[in-house]
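**Student:** Going by full-length UniProt numbering, the sequence shown opens with residue 1, and the numbers climb by one from there.
Just so it is clear, CB atoms sit at the ideal spot from N, CA and C, and this is done for glycine as well.
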Amino acid sequence: MSTEDWRTLLNKSADDFCAFLIEKGIKCTVEGGGDYFVQIRTIYPIKIYSNSNGDRRIVVEGRSGPVEKARLISLWEEFNGHSFKGVNIFVDGSSRGQVSSYAAVIIEDGLVIGMISGCFRDNTNMRNVAGEIVAVEKAVDFCLKKSITAVKIHYDYEGLCGWAEEYWQAKTPRTIEYRKHMREIAGKLSIKWVKIKAHSGSSYNEMADKLARKALLKCKLV
Numbered sequence: 001m002s003t004e005d006w007r008t009l010l011n012k013s014a015d016d017f018c019a020f021l022i023e024k025g026i027k028c029t030v031e032g033g034g035d036y037f038v039q040i041r042t043i044y045p046i047k048i049y050s051n052s053n054g055d056r057r058i059v060v061e062g063r064s065g066p067v068e069k070a071r072l073i074s075l076w077e078e079f080n081g082h083s084f085k086g087v088n089i090f091v092d093g094s095s096r097g098q099v100s101s102y103a104a105v106i107i108e109d110g111l112v113i114g115m116i117s118g119c120f121r122d123n124t125n126m127r128n129v130a131g132e133i134v135a136v137e138k139a140v141d142f143c144l145k146k147s148i149t150a151v152k153i154h155y156d157y158e159g160l161c162g163w164a165e166e167y168w169q170a171k172t173p174r175t176i177e178y179r180k181h182m183r184e185i186a187g188k189l190s191i192k193w194v195k196i197k198a199h200s201g202s203s204y205n206e207m208a209d210k211l212a213r214k215a216l217l218k219c220k221l222v
């Protein structure tokens, strides 16, 4: 794809998304952009980014509250034809030295019902994966407390599913503990695992990534 064609598609995406928001009763104008993004304005500025493969993602800027930001992200996903029926969980983790962070975004029928994040001391040398394991554990526990009986967990690191479904061998104390945790909830919560490509532009995956990085940045253990 030529640079000109790529830019034309990005501008068209911004125009079409703005029109979509207007149909939903949200005022929107296209303001221009930079080398890799186009900015539109609703209540908050939104930048639509695109890479050379044509994968697009949005960043909601300004002092938007979590509810408003989640609403705009939900509309972006709807605009792109992504329908998240039922309860879906997106997880991520981050690390620095001996400290790891975790984050989970839980949505139900496209609306955010929970955002979980935090940090902890980690001596497993599993780095980001340690945070992702905790994110899964915290998210499924959250769902059980809400009397939710079925979820989809979106993941990129194969071990999260592999250890839980036991087609990966759990060889370390932490992975054995994780497998035990998932065994204990197996009869209470039906889980469907959904493999996604890392950094694929999924808005909810990006949200979990930002939550994990923010939790690490604010962590007093670092």
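Going by DSSP, what residues sit across from Cys119 in a beta bridge?
**Tutor:** Note: Cys119 sits in a beta bridge opposite Ser101.
**Student:** Measure the CB-CB distance between Val87 and Ala104 and report whether it falls below 7 Å.
**Tutor:** Contact flag unset, no.
**Student:** Any idea if Glu206 is buried or exposed, counting beta-carbon neighbours within 10 angstroms, 16 or more meaning buried?
**Tutor:** With 16 or more Cβ atoms within 10 Å of its Cβ, Glu206 is classed as buried.
**Student:** Which whole runs of the beta strand (DSSP E) in the UniProt domain "RNase H type-1" (83-217) are 3 residues long or more, in chain order?
**Tutor:** You should have 87-96, 99-108, 111-121, 150-155, 190-195.
**Student:** Alpha carbon to alpha carbon, how far is Gln169 from Glu61? Give it in angstroms, no decimals.
**Tutor:** Spanning the two alpha carbons is a distance of roughly 43 Å.
**Student:** In terms of residues, what are the limits of the alpha helix (DSSP H) holding Ile73?
**Tutor:** Where Ile73 is concerned, the enclosing alpha helix (DSSP H) stretches over 66-79.
**Student:** Let me confirm a value: residue 304 is counted as buried when at least 16 other C-beta atoms fall within 10 Å, else exposed. Which label applies?
**Tutor:** Since the first and last residues shown for the chain are 1 and 222, residue 304 lies out of range.
**Student:** In the DSSP assignment, the alpha helix (DSSP H) including Lys12 goes from what residue to what residue?
**Tutor:** 3-23 is the span of the alpha helix (DSSP H), which, as asked, contains Lys12.
**Student:** In chain order, what residues of the same chain lie with their CB nearer than 6 Å to the CB of Thr124, ignoring the 5 residues before and after it?
**Tutor:** Counting only Cβ-Cβ distances below 6 Å, and skipping sequence neighbours, we find Ala130, Arg174.
**Student:** Roughly how many whole angstroms lie between the Cα atoms of residue 229 and Thr42?
**Tutor:** This structure leaves residue 229 out entirely; the chain is present only between 1 and 222.
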